[in-house]
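Per this note's numbering, the sequence shown starts with residue 58, numbered consecutively.
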Amino acid sequence: MSTQAQLAAPSQKWLDEFRKLRNIGIMAHIDAGKTTVTERILFITGKTHKMGEVHEGTATMDFLEDERERGITIMSAATTCEWREHRMNLIDTPGHVDFTAEVERSLRVLDGAIAVFDGVNGVEAQSETVWRQAARYIVPRICFINKLDRVGANFDKAVASVRGRLGANAVPVQLPIGLESEFRGVVDLLANKAYYFSGDPDKQSSEEGPIPEHMADDIAMAQEALREAAAECDEALLERFVEGEAISSDEIRAALRKGTIACRVFPVLCGSALKKKGIRMLLDAVLDYLPSPLDIPPARGKDPDDESKVIERPTHPGAPATLLAFKTVADQNGDLTFLRVYSGTIQSGDTLVNPRTRKTERLGRLIRMHANKREQIEEATAGDIVAAIGIKNSVTGDTLCDQRSPVALESMKFPETVISCSIAPASGQDRDKLSEVLARLMREDPTFRAQTDQQTGELVISGMGELHLDIITTRIQRDFKVKIVIGRPEVAYKQTFKKTKDVEGRHVKQSGGSGQFGVVRMKIGPSETEGLDYVDNVVGGSVPRQFISSVQKGIKQSMEHGLKLGYPFVNVRAELYDGQSHDVDSSDMAFIQAGALAFRLAAEGNVTLLEPMMKLEVQVPEEYIGDVVGDLGQRRANISEIEMGGNIRTIKGTVPIAEMFQYVTTLRSMTQGRASYSMEPTGYTNVPDSLAQKIMEDRLAKLAAQK
58 MSTQAQLAAP SQKWLDEFRK LRNIGIMAHI DAGKTTVTER ILFITGKTHK
108 MGEVHEGTAT MDFLEDERER GITIMSAATT CEWREHRMNL IDTPGHVDFT
158 AEVERSLRVL DGAIAVFDGV NGVEAQSETV WRQAARYIVP RICFINKLDR
208 VGANFDKAVA SVRGRLGANA VPVQLPIGLE SEFRGVVDLL ANKAYYFSGD
258 PDKQSSEEGP IPEHMADDIA MAQEALREAA AECDEALLER FVEGEAISSD
308 EIRAALRKGT IACRVFPVLC GSALKKKGIR MLLDAVLDYL PSPLDIPPAR
358 GKDPDDESKV IERPTHPGAP ATLLAFKTVA DQNGDLTFLR VYSGTIQSGD
408 TLVNPRTRKT ERLGRLIRMH ANKREQIEEA TAGDIVAAIG IKNSVTGDTL
458 CDQRSPVALE SMKFPETVIS CSIAPASGQD RDKLSEVLAR LMREDPTFRA
508 QTDQQTGELV ISGMGELHLD IITTRIQRDF KVKIVIGRPE VAYKQTFKKT
558 KDVEGRHVKQ SGGSGQFGVV RMKIGPSETE GLDYVDNVVG GSVPRQFISS
608 VQKGIKQSME HGLKLGYPFV NVRAELYDGQ SHDVDSSDMA FIQAGALAFR
658 LAAEGNVTLL EPMMKLEVQV PEEYIGDVVG DLGQRRANIS EIEMGGNIRT
708 IKGTVPIAEM FQYVTTLRSM TQGRASYSME PTGYTNVPDS LAQKIMEDRL
758 AKLAAQK
């Protein structure tokens, strides 16, 4: 492992500043209250002087017109605020699965996160998704059980769901005093004090009061669990805990901080963001438990010229500059690129290199963001999150670094699109403008695709769901003023093989002049490998070494093209075991064609269709459960369980996305608007043969009509 050379110690002023910095995000299931929590934080810290409300369309962080109209967060928004002489870079992320890329790229660059959970529903479907995303990037988290003033709120059940469904060591540092309409305050388990919220919703402060006598046993048990969790994070404390010695609250807090940063413990707080209850204590917990940039390990990357070589970049202003581009916003005045500075110091006008493209990028203006407002700054150093104007050839996930000391940081992985629709400009004069707009939107959103269908000639856009494509098409027409004609949504089907076939691909053209000669004998069929499992078992040189990769290229092109139907192939194993060549007429192109022909022969009468499946959760009042379950059965849903929680039933299972178009309208009409649902992609599965035949026939008919 390559490590950074010894660097001069940074100044005490820099150390003091960055010890008091927190790069955090707010993450949760849709409607758990993320944006409301963020709005309260901005108001309480003095960043805003008027509190925005999601339900009124006035949330500061939901600044897009679509966000305000729909009452949801679509694009992650960044801001900076201060609390107790600490600076916080704060990112509010979406909760809807269609915009999961926004969560993914935010968590990749954050040092810590607040996971918000609904006090009534506990862990929900998208809660699991964002928790897994945070775990993948080893992001320390604290939990906030929100909405404890709602009917059906249950703090203990919510904490149990965090432990059970997420497998997290959730440790309450507070207990609520009362629930639902009786939610009046919290008990701070470390301070062993009770704090009561004001009945005036305009007051955010709380006052100390007597600890309720009826809570004595619960408090004692929770404090013991807290001491045990802290002791397990610190060997010295563990020995004292086992011996029964007293441990101070400061020692417990320090051990919990250590355990939180190591992702071994997840402190739990509670409140009601809408009523401004518990937000000040949540801010205190961010400072107490979540890491500063100096508390996290050095960034690790690879040498662009030797991927086996690992390079570390410490959080140090004097180290070579290393940045990760984690978000791009297309802007008429130049793309705005969001950057996490992992090491070094950057200034406006600096030139850095992108190891992926091997091209240099010049940083234009450096900006600190507050939602859609901008504050120009002169420089940024290790630990900062900023935006820059002027970066032209770098996209989400790219590293920018010192030209003299290149390194490529780990990028991000985004899920595949599951739904598509065709679009066309309403008039010929909009054609060029539409192409330009789509290119900009693809730079912004890694889960959005636009391409021409090779079979039909249509322009097809693809995304993560109906809402995603609805937002995209609305933006094209309203924000970019391009009128378009929108086709019906279509499922992003895939193909694979039913069984393995032994085939010969023979591409031979020898009729005078320069000929073409390539023959391959292959076994092609299904595989457990997601893409192409290509196996070279040629012996004796029957296929010359220089043409082995040509055959693979022909197979790959056929997989991507999708043959007759145009749906891409996945999970394919192709074994090349024999063939023939010609001293004069064999060429790279001849063996590409031979490989493609072998693939077509293997596919004849041997294809099965795959469809995207969604993990589904429907929350429905008990009186409508029969109608909803019956309807889901007709949609080919596989229901795995139905959970009970008061008058609400939670239906869990999987369902093909093809059956869920416009489901929100049906669900609302069946339940008088009282049910809700969420979905997230969970992979692909075989389409039933009878249905697959109809889908294929419809697809071929459409292709024939296009010709």
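For each residue, glycine too, the CB sits at the ideal point set by N, CA and C.
Note that the structure is a prediction, hence the values are computed from the model and not measured.
So residue i packs on residue j, CB below 8 Å; how close in whole Å?
i, j, result
"D455", "N411", "5 Å"
"K380", "I353", "For the sequence presented, residue 380 should be read as Leu rather than Lys. So it is not a contact: roughly 16 Å between Cβ atoms."
Using three-state DSSP, classify residue i as helix, strand or coil.
i, result
"A758", "helix"
"L748", "helix"
"E74", "helix"
"Y634", "strand"
"F120", "With a pLDDT of 40 at F120, under the threshold of 50, the modelled position of this residue cannot be trusted; read the value that follows with caution. Coil at F120, not helix or strand."
"S726", "helix"
"D245", "strand"
"L64", "coil"
"D307", "helix"
"R144", "strand"
"H564", "strand"
"M579", "strand"
"K53", "Here the chain covers residues 58 to 764 and nothing more, so residue 53 does not appear."
"P350", "helix"
"T414", "coil"
"R419", "strand"
"S484", "coil"
"M469", "coil"
"A382", "strand"
"T742", "strand"
"L313", "helix"
"A439", "coil"
Check for me: the beta strand (DSSP E) holding residue i runs from which residue to which?
i, result
"F648", "Counting along the chain, F648 falls outside any beta strand (DSSP E), though it belongs to the alpha helix (DSSP H) covering D645 to A660."
"H427", "L423 to H427"
"M717", "Taken as a continuous stretch (DSSP letters only), M717 belongs to no beta strand (DSSP E), as it is neither H nor E."
"M50", "This structure gives no information on residue 50, because the portion of the chain shown stretches from 58 to 764."
"D41", "Because the chain spans 58 through 764 in this model, residue 41 falls outside it and cannot be assessed."
"F212", "Counting along the chain, F212 falls outside any beta strand (DSSP E), though it belongs to the alpha helix (DSSP H) covering F212 to L223."
"K610", "Careful: K610 lies outside any beta strand (DSSP E), inside the alpha helix (DSSP H) at I605 to H618."
"G522", "Premise fails: G522 is in no beta strand (DSSP E) and is neither H nor E."
"D392", "Run containing D392: none; DSSP gives neither H nor E here."
"R706", "I705 to P713"
"E369", "D363 to R370"
"V627", "Unbroken run through V627: none, as it is neither H nor E."
"S451", "Premise fails: S451 is in no beta strand (DSSP E) and is neither H nor E."
To the nearest angstrom, how far is it from the Cα of residue i to the Cα of residue j?
i, j, result
"A66", "A342", "29 Å"
"E515", "E547", "13 Å"
"I541", "P151", "27 Å"
"R578", "P745", "32 Å"
"F656", "G562", "8 Å"
"L205", "I199", "17 Å"
"A651", "E467", "37 Å"
"S697", "K566", "57 Å"
"K470", "G520", "15 Å"
"K613", "Q637", "21 Å"
"K214", "G179", "7 Å"
"K70", "G169", "23 Å"
"D362", "A465", "10 Å"
"Q508", "I101", "46 Å"
"S747", "D684", "26 Å"
"A481", "H86", "34 Å"
"T115", "T95", "Only weak support is given to the placement of T115: the predicted model assigns it a pLDDT of 41, under 50, and the value that follows is read from those uncertain coordinates. The alpha-carbon atoms of T115 and T95 are separated by roughly 13 Å."
"R314", "S68", "25 Å"
"K610", "G619", "14 Å"
"S462", "I442", "21 Å"
"A287", "K332", "31 Å"
If I follow the unbroken alpha helix (DSSP H) through residue i, where does it start and stop?
i, result
"E237", "From DSSP, E237 is part of no alpha helix (DSSP H); its letter is neither H nor E."
"V281", "Note that residue 281 is Glu in the sequence shown here, rather than Val. A273 to A288 is the span of the alpha helix (DSSP H), which, as asked, contains E281."
"D688", "I682 to Q691"
"K91", "K91 to I101"
(message) Between the stretch 371-390 and the stretch 493-505, can you find at least three pairs of beta-carbon atoms closer than 8 Å?
(response) Taking a cut-off of 8 Å for Cβ pairs, the stretch 493-505 and the stretch 371-390 touch, as three or more such pairs fall below it.
(message) I want to know whether the stretch 684-699 touches the stretch 586-596 - three or more CB-CB distances under 8 Å.
(response) No contact exists between the stretch 684-699 and the stretch 586-596.
(message) So, does the stretch 543-559 touch the stretch 620-631, judging by three or more C-beta pairs under 8 Å?
(response) Enough Cβ pairs lie closer than 8 Å, so yes.
(message) Measuring CB atoms only, is the stretch 726-744 touching the stretch 664-673, in the sense that at least three cross pairs come out at less than 8 Å?
(response) With the cut-off at 8 Å, the stretch 726-744 and the stretch 664-673 touch.
(message) Any contact between the stretch 240-251 and the stretch 268-278? By contact I mean 3 or more CB pairs, one from each, below 8 Å.
(response) With a cut-off of 8 Å, the stretch 268-278 and the stretch 240-251 count as touching, because enough Cβ pairs lie within range.
(message) Would the stretch 371-379 count as touching the stretch 419-430 if we require 3 or more Cβ pairs under 8 Å?
(response) Using a Cβ-Cβ distance cut-off of 8 Å, the stretch 371-379 and the stretch 419-430 are not in contact, since fewer than three pairs of beta carbons, one from each stretch, lie closer than that value.
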